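Reading through the structure tokens given below for one structure.
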Amino acid sequence: MVTSHKCSFCGGEIPPATGIMYVKNDGSILWFCSSKCRKYMLKYHKDPKRLKWTESYSRVR
Ligand SMILES: [Zn+2]
């Protein structure tokens, strides 16, 4: 069975067999569609709602 994941940062769909899995210290699993998303979340601690290229960007004005 093949399952696809959603990027934990930008919310975009990750095709099966791609993406980066990251296991946190507490055992929860994060998925990232690209190293860019992983870097923004883990290194820069950015809020995806404030970045225009993410799915979770707030389009409400
Ligand atoms: Zn992403």
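Per this note's numbering, residue 14 is the first one in the sequence shown, and the count goes up by one each step. Even for Gly, the Cβ is constructed at its ideal location relative to N, Cα and C. Computed from a predicted structure; not experimentally measured.
Q: Answer yes or no: do glycine 32 and cysteine 23 have a C-beta to C-beta separation smaller than 8 angstroms?
A: One-based indexing of the sequence shown puts residue 32 at position 19. One-based indexing of the sequence shown puts residue 23 at position 10. Result no, Cβ atoms of glycine 32 and cysteine 23 do not sit closer than 8 angstroms.
Q: Give the C-beta separation of tyrosine 35 and leucine 43 to the nearest angstrom, bearing in mind that I take them to be a contact with Cβ-Cβ under 8 angstroms.
A: Locating residue 35 in the sequence shown gives position 22, counting from the first residue. Locating residue 43 in the sequence shown gives position 30, counting from the first residue. Between leucine 43 and tyrosine 35 the Cβ distance is about 4 angstroms, and since that is below 8 angstroms, they are a contact.
Q | Chain-order list of residues whose beta-carbon lies under 8 angstroms from that of tyrosine 70 (same chain, five-residue window excluded) | A | For the purposes of this step, residue 70 is taken as the residue at position 57 of the sequence shown. Answer for tyrosine 70: Pro61, Lys62, Arg63, Leu64, listed in chain order.
Q: Kindly indicate which three-state DSSP category valine 52 falls into: helix, strand or coil?
A: Numbered from its first residue, the sequence shown carries residue 52 at position 39. A small fix is needed here, since residue 52 is lysine in this sequence, not valine. Looking at lysine 52 - three-state DSSP - the assignment turns out to be helix.
Q. For ligand 1, is there a heavy atom less than 7 angstroms away from the beta-carbon of serine 47?
A. Walking along the sequence shown from the start, residue 47 turns up at place 34. Yes, the beta carbon of serine 47 sits closer than 7 angstroms to at least one heavy atom of ligand 1.
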